[in-house]
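From first to last, the protein sequence lines stand for chains S and R.
Under our numbering, the first sequence has 102 at position 102, and the numbering climbs by one with no breaks.
Under our numbering, the second sequence has 1006 at position 6, and the numbering climbs by one with no breaks.
The beta carbon of each residue, even a glycine, is placed where N, CA and C say it ideally should be.
Computed from a predicted structure; not experimentally measured.
Inspection log for the structure reproduced underneath, given as structure tokens.
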Amino acid sequence: QKEVEQNSGPLSVPEGAIASLNCTYSDRVSQSFFWYRQYSGKSPELIMSIYSNGDKEDGRFTAQLNKASQYVSLLIRDSQPSDSATYLCAVNRDAGNMLTFGGGTRLMVKP
Amino acid sequence: KAGVTQTPRYLIKTRGQQVTLSCSPISGHRSVSWYQQTPGQGLQFLFEYFSETQRNKGNFPGRFSGRQFSNSRSEMNVSTLELGDSALYLCASSSGTPGVYGYTFGSGTRLTVV
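Now the structure itself:
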């Protein structure tokens, strides 16, 4: 079992819809969680971090964390074609020195 | 504020050679991490340095090594290159503990081994 799992996609949504990206992790003691966006040919860029159970909103993005079920999700409201990218979930075990990344979900937003 | 700078952007090397990649973190960032990204394996952690000390190391063979200088700049070295080492090598810096603050990534070095 991989430490951090994501559906590779592609996840296709129409412009203006809500895109829902999911990530599960195996280590129960994981403490911090990050979402990165990576455009084709570019490096990952940090979108959001979340540390506590519940929702965290930042503009059109909402991160959701459920530690009991060991999943974290990212919702993108009013999806735009410019949101088309690969979204990487990253998990940190003990607020320490490394992040473990999932394989990423490729999102396609169709005009 | 300048971002994370990696040089060179592209490299082509022959099997058996060695290579050194360079990374300059964001000014003030003392933590530098290295990742290997391939289509099959995704992002895999190589190592992390803080104040010239390696704090964490991933599951890579000893051919992969790194170091950090007093100005926080970092280098990674791969000796005896193999075809499977072809990948995008990403450097990332953090203002503090990566598990708390996350990373800012550089543009990467694309290494091709022929």
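- The beta carbons of residue 1088 of chain R and residue 1054 of chain R sit no closer together than 8 Å.
- Nearest C-alpha to residue 1100 of chain R among S:101, S:97, S:87: S:97.
- Under DSSP, residue 1101 of chain R forms no beta bridge with any residue.
- The Cβ-Cβ distance between residue 40 of chain S and residue 108 of chain S does not fall below 8 Å.
- Restricting attention to R:1095, R:1096, R:1097, R:1006, the CA atom closest to the CA of residue 42 of chain S is found in R:1006.
- Listed as beta-bridge partners of residue 61 of chain S by DSSP are S:58, S:76.
- Burial check for residue 85 of chain S: the Cβ neighbour count within 10 Å reaches 16 or more, so the residue is buried.
- Of all alpha-carbon atoms in R:1052, R:1085, R:1010, R:1024, the one lying nearest the alpha-carbon of residue 1064 of chain R is that of R:1085.
- Contact between the region 67-80 of chain S and the region 16-35 of chain S is established, with three or more Cβ pairs separated by less than 8 Å.
- In terms of Cα proximity to residue 93 of chain S, the closest of S:18, S:33, S:6 is S:33.
- The residues 1081, 1082, 1083, 1113, 1114, in chain order, have a CB closer than 8 Å to that of residue 1015 of chain R in the same chain once the five nearest residues on each side in sequence are set aside.
- Selection R:1028, R:1009, R:1018 evaluated against residue 1095 of chain R yields R:1028 as nearest (Cα-Cα).
- By alpha-carbon distance to residue 1047 of chain R, the top candidate from R:1076, R:1021, R:1004, R:1019 is R:1076.
- Residue 87 of chain S sits away from residue 100 of chain S, with the two beta carbons spaced by 8 Å or more.
- For residue 1083 of chain R, the secondary structure class from DSSP, reduced to helix, strand or coil, is helix.
- Around the beta-carbon of residue 1020 of chain R, fewer than 16 other beta-carbon atoms lie within 10 Å, marking it exposed.
- Contact annotation for residue 1055 of chain R against chain S: 97 [CB-CB distance below 7 Å, chain order].
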